[in-house]
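Following: one structure in structure tokens, then a few remarks.
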Amino acid sequence: MKSYIIPEYTVDIDRDRCIRCKACIEQCTYGVHHYNAEKEAIISRNEECVNCQRCVVFCPTKAITVRKNQNSYRKNYHWTQDMIVFAKRQAETGAVALVGMGCDRPGFTYWDNLLLNASQVTNPSIDPLREPIELRTYLGRKPSKLDLAFNGGEAALATELAPQLCVETPILFAAMSYGAISWNAHHALAKAASELGIYFNIGEGGLDRRLYRYGERLIVQVASGRFGVHKEYLNVGAAIEIKIGQGAKPGIGGHLPGDKVNEDIARTRMIPLGTDALSPAPHHDIYSIEDLKQLIYALKEATDYRKPVAVKIAAVHNSAPIASGIVRAGADILAIDGFRGATGAAPKIIRDNVGIPIELALASVDQRLHEENIRDEVSLIASGGIRNSADVVKAIALGADAVYIGTAALVAMGCTLCQRCYSGKCPWGITTTDPEISRRLNPEVASRRLVNLVRAWSIEIKEMLGGMGMNAVESLRGNREQLRGVRLTDTELGILGVKMAGK
Amino acid sequence: MSMNSHLPLTELKKSLAVINAESLDRRVLNSFIKRVAGNGVGNVRILNVYGQRYIGTGLNSGLEIEVHGTAGNDLGAFMDGPSIVIYGNVQDGCGNTMNTGLIVVHGQAGDVTGYSMRGGKIFIRDNVGYRAGIHMKEFQNTRPFLVVGGSAGDFLGEYMAGGVILVLGLNWPHRREFTARFVGTGMHGGLIYMRGEMRHLGTGAEISDVDEDDMDQIGELVKEFCCHFGFDSDRIMESTFTKMIPSSRRPYGNLYAR
């Protein structure tokens, strides 16, 4: 069948600048560039280009420009070009259209409608360059009161504290599995988390033994496929997260295609070589809050009650009552992943239409847990669309204890959000299991980039806290007085628990 | 060996600990089992079990556990090595995600028995509930086996990615047909054997001929089953068997456009 899909991008090569070094041919994993000996020129097949910018960055003479194709269908605000191409692709394949990364549609980013406060005259701001500002955060169930035992004038803590995770800054690397991302990317994230004193959630694909040495800075995940889950795995991490859902694809499971399941992936996931790694939509032992409680306590039993157990859900319409149930089921940490959360592969129709923005879910969950007097029994981690340190600060002011960053971490390592993670050909060596392409990502360099990003954000967070006159991130948690809204309706302001700017 | 005196330890010989679980909270019971396992005891006999959960969960020793009574949910979950014999019924999720080991149930088992197990063997004398053997997988040299003497509920072996399920239907001698629905739906590895015929085949599974190797494998499992429960293996092996295999190792290979 002839494809009616028009190229999305055009590649322009400045013939005067081009030195025919063929670096672009080498770098492109999609086979866009070819050398035509007769014309002594690089010829590009626009229809294969995904706009990953790899050739642009690696062209030594900066001769390449990738542009949105100016050739387009007649302008239509309802039937956008994306919609037309989407329908045509399905008409040609009869299949579910896949996409990578998070929702790219406009209009769902509430961070940009929220503005932060700063001190003026009546309370002094604090200069973080001169004075200490505390970002260290403990994640886990907190006691509602502390009992002390006195022994001959000496006081000792009598309350048994629940296990806690300690992060030096309230940022964690979000769940990304080995298989979805390359070995080098997985390694870089583990190494960076270790250096930063934060945590990397290794995702649902098991843990390669070579990474066990980072165990105390890893959160291991248990998802419906139970890949690579065994006694040692559960005990090697600092905490265990039960993955119920993911913001990019609430309500559906995951399929790592069999062609990505090579020997290393099969060994780590503990599954047969070359078979689809299927994560069913539900855990088949969890059909209720009571069942969830059963798995939480099975994991606690298997780890002698020494590790916090987290539960991750996608932000959906009833997040608040679901969150209440999860806390009552015994979760120590609740992670909520919002509408813009990313993925290695999801049906586009699900990614762009299912779930709700994290800002609204987070605010309503925090509010609900406070109303029920159980907010202290759990730590909240918000994720799905955190782009910079201001988003982190706003999330904390809306009630989060910490945030997960996934896309931001990938961007730090080289990702350009071309959204083709599912192809397995990531030209930046991140979302691929091809050993040759993976080598493009040097774990040492990638880890340095990650460390730099989080350090820079931490400094900025301190600046913002200091500006608000606070010397500890704890003072900001759920402190919505520090937020004001713009361009929001009364209903939106009400759900966010935030006043209009000027009020 | 030091034991807390308030724990209901009724008997302690060189390698056998006997625990009276009556009115014991599961956390206390399980911490006690772990403690004796760590102290070199080889056998534990637990009496008067009334639905306590997680017996043997996360244990990775060579401990042999006898359970008298009704074991609760998630018995032997994540376990790696122990053998557990239950004189009574077990509730849901027995052998959940187990790695290796043996579970023998002189009675029936609830839903999701052997969920996601990737090694070891489970023998159930009577029936199992819904979704037994769901998402079983094999891995390198480990292969899980689930043998059910009675019948099994719907969704048996759904998403199965490896291992062997054998359903004998012994408690319905007049029946020639296995009537559970959605059996092997979405399976992409492993084998399911049934004594007699089966009525409903799940999407993604197909019937295949039973050859000599299959009969050898069935024969071995039946022999082991009969060793545990005292049935006549020759008599069982006189029956005909049906075999189900996955249609594809990539059931969703064509579902997505790239």
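Just so you know, the protein sequences line up as chains S and W, in that order. Heads up, the first sequence is in numbering that gives the first Met the number 0, so the first residue is 0 and it goes up one at a time. Heads up, the second sequence is in numbering that gives the first Met the number 0, so the first residue is 0 and it goes up one at a time. Glycine is no exception: its CB is placed at the ideal position from the N, C-alpha and C atoms.
- Boundaries of the beta strand (DSSP E) harbouring S/I241: 238-242, taken from the DSSP string.
- When DSSP reads this structure, S/Q220 sits in a beta bridge with S/E240.
- Going by DSSP, W/K242 is part of the beta strand (DSSP E) stretching over 240-245.
- If you draw a straight line from the Cα of S/G383 to the Cα of S/A173, it is about 9 Å long.
- In the DSSP assignment, W/F177 is bridged to W/M197.
- Assignment of S/S323 by DSSP, reduced to helix, strand and coil, places it in the helix class.
- Contiguous beta strand (DSSP E) elements confined to the stretch 102-149 of chain S occur at 113-115, 136-138, taking only those with 3 or more residues.
- Proximity of the stretch 142-149 of chain S to the stretch 281-300 of chain S falls short of the contact definition, fewer than three beta-carbon pairs being nearer than 8 Å.
- C-alpha of S/G501 to C-alpha of S/L114: approximately 11 Å in a straight line.
- As computed with DSSP, S/V308 is found in a beta bridge with S/I239.
- Proximity to S/P279 across S/S223, S/R386, S/V31 peaks at S/S223, based on C-alpha coordinates.
- Rounded to whole angstroms, the Cβ separation of W/G188 and W/P245 is 6 Å, and the two are in contact under 8 Å.
- Distance from S/G354 to S/G202 at the Cβ level is roughly 19 Å; contact not present, criterion being Cβ atoms closer than 8 Å.
- The beta-carbon distance between S/T415 and S/C51, rounded to whole angstroms, is 5 Å. This is short enough to meet the 8 Å contact definition.
- Apart from the 5 residues on each side of it in sequence, S/E240 sits with its Cβ closer than 8 Å to the Cβ of A174, N200, I218, V219, Q220, V221, V308, A309, V310, K311, I332, A334 in its chain, given in chain order.
- Interface criterion met: the Cβ of W/V111 is under 7 Å from a Cβ in chain S.
- Going by beta carbons, S/V98 and S/R350 fall inside the 7 Å limit.
- Within chain S, no C-beta atom comes nearer than 8 Å to that of W/T184; the closest sits roughly 11 Å away.
- For the stretch 87-111 of chain S, residues whose beta-carbon sits nearer than 9 Å to a beta-carbon of chain W comprise R88, Q89, E91, T92, G93, A94, V95, A96, L97.
- Check the Cα spacing between S/V485 and each of S/K1, S/D111, S/N387: the tightest is with S/D111.
- A direct Cα-Cα distance of roughly 42 Å separates S/V84 from W/Y114.
- For chain S, the residues of the stretch 227-255 of chain W that bring a beta carbon within less than 8 Å of one of its beta carbons are R248, R249, P250, Y251, G252, N253, L254, Y255, in chain order.
- Scanning S/A179, S/L452, S/N478 for the CA closest to the CA of S/L464 turns up S/N478.
- Chain-order list of chain S residues neighbouring W/D24: empty, with the shortest C-beta distance near 12 Å, by a criterion of under 8 Å.
- Around W/D110, the same chain offers D91, G128, Y129, R130 as residues with beta carbons nearer than 6 Å, after the five sequence neighbours per side are excluded.
- Taking a Cβ-Cβ cut-off of 9 Å, the neighbours of W/G57 in chain S comprise K230, L233, N234, A297, L298, E300, A301, T302, D303, given in sequence order.
- Annotation for S/P434: no beta strand (DSSP E) segment contains it, though the alpha helix (DSSP H) segment containing it runs 434-437.
- Contact check between the stretch 413-433 of chain S and the stretch 455-469 of chain S: fewer than three CB pairs, one atom from each, fall below 8 Å, which does not count as touching.
- When only Cα atoms are considered, S/S176 and S/R476 end up about 30 Å apart.
- Contact between the stretch 96-112 of chain W and the stretch 67-85 of chain W is present, with at least three C-beta pairs closer than 8 Å.
- In the three-state scheme derived from DSSP, where H, G and I count as helix and E and B as strand, S/D336 is classed as strand.
- Of all residues in the stretch 246-279 of chain S, the ones placed with a Cβ closer than 9 Å to any Cβ belonging to chain W are H254, P256, G257, D258, A265, R266, R268, M269, I270, P271, G273, T274, D275, A276, L277, P279, in chain order.
- Under the 10 Å beta carbon count, S/C58 is surrounded by 16 or more other beta carbons and is classified as buried.
- Neighbours of W/E205 in chain S, taken as residues at a C-beta separation under 7 Å, are lacking, since the least C-beta distance is about 16 Å.
- Here the alpha carbon of S/E194 sits roughly 11 Å from the alpha carbon of S/R454.
- S/R225 has a beta carbon lying within less than 7 Å of a beta carbon in chain W.
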